[in-house]
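The sequence shown begins at 0 in numbering that gives the first Met the number 0 and counts up one residue at a time. Where is the CB? At the ideal position from N, CA and C, for every residue including glycine. Reading through the structure tokens given below for one structure.
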Amino acid sequence: MADRIIERSPNNPAKKEMNPLLKFALELGPLLVFFFANSRGEQLADTFPVLHDLGGPLFIATALFMAALAISLVVSYAIQRTLPLMPLVSGIVVLVFGGLTLYLQSEIFIKMKPTIVNGLFAAILLGGLCFGKSLLGYVFDQAFKLDAEGWRKLTLNWGLFFIFLAGINEVVWRNFSTDFWVAFKVWATMPITVVFMLFQYPIIRKHSIAPAEGTDAS
């Protein structure tokens, strides 16, 4: 049995590695399920009549999104015997706000979810920096290795970026249609994030450290 549920800290030699493409698929997959279910909600309800009880397409999409996210976490745990920190936090918020969305039949809760999640991530990252902890390493430690200063800079930048994402979600869901909000959430947020990540490359290149080839006996 694993000696812990949550993934280990960055650069911990006991931390299990996951294929980056598989990690990306597990994190993106639930979003694609959400988009597909929202755009094909009526057809899905006709094929599976039990889905009619959930309500309109957005409510069907919310339920399937919650299920896909739970499956993603189960698969992550089955592979690594630990749960990734950030997806776990996001999953808890999704289950709470998704449950409220379905129970109260109100779209507001699921639309506010990205605001809450991104705001929470910003608070975690920036709050961690206040205590000298660069928590972003939990997310990207499997992709690259950085020195402490590199993780500090990236954590600060991502904390501010999450505040930006929370703000833009508020603007979109309050001023545009539900279909536009879903499309923006799936197809615009990711490219914006990719562009942001590209701008972080100079920091990554400057602060990268070579993986240890052996154990230091000293």
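Between the alpha carbons of Asp-178 and Leu-21 lies a distance of about 28 Å.
Here DSSP, grouped into helix, strand and coil, assigns Ser-207 to strand. Three or more Cβ pairs drawn from the segment 169-189 and the segment 29-39 lie within less than 8 Å of each other, which places the two stretches in contact. The beta carbon of Gly-158 sits closer than 6 Å to the beta carbons of Ala-121, Leu-124 and Leu-125 from its chain, once the five residues preceding and following it are set aside; these are given in chain order. Assignment of Leu-134 by DSSP, reduced to helix, strand and coil, places it in the coil class. For Gly-55, no alpha helix (DSSP H) segment is defined, and its DSSP state is neither H nor E. Annotation: Trp-186 is outside any alpha helix (DSSP H) and is labelled neither H nor E by DSSP. In this structure, the alpha-carbon of Glu-148 lies about 17 Å from that of Phe-198. Partner residues in the beta bridge of Leu-145, as assigned by DSSP, are Ser-207.
Taking C-beta atoms as the reference points, Pro-86 and Leu-164 fail to come closer than 8 Å. A Cβ-Cβ contact shorter than 8 Å links Phe-96 with Met-111.
When the five nearest sequence neighbours on each side are left out, the beta carbons in the same chain lying within less than 6 Å of the beta carbon of Gly-90 are those of Leu-68 and Leu-72, in order along the chain. Around the Cβ of Lys-205, a 10 Å sphere holds fewer than 16 other Cβ atoms; the residue is exposed.
A Cβ-Cβ separation of about 14 Å leaves Val-32 out of contact with Phe-58 under the 8 Å criterion.
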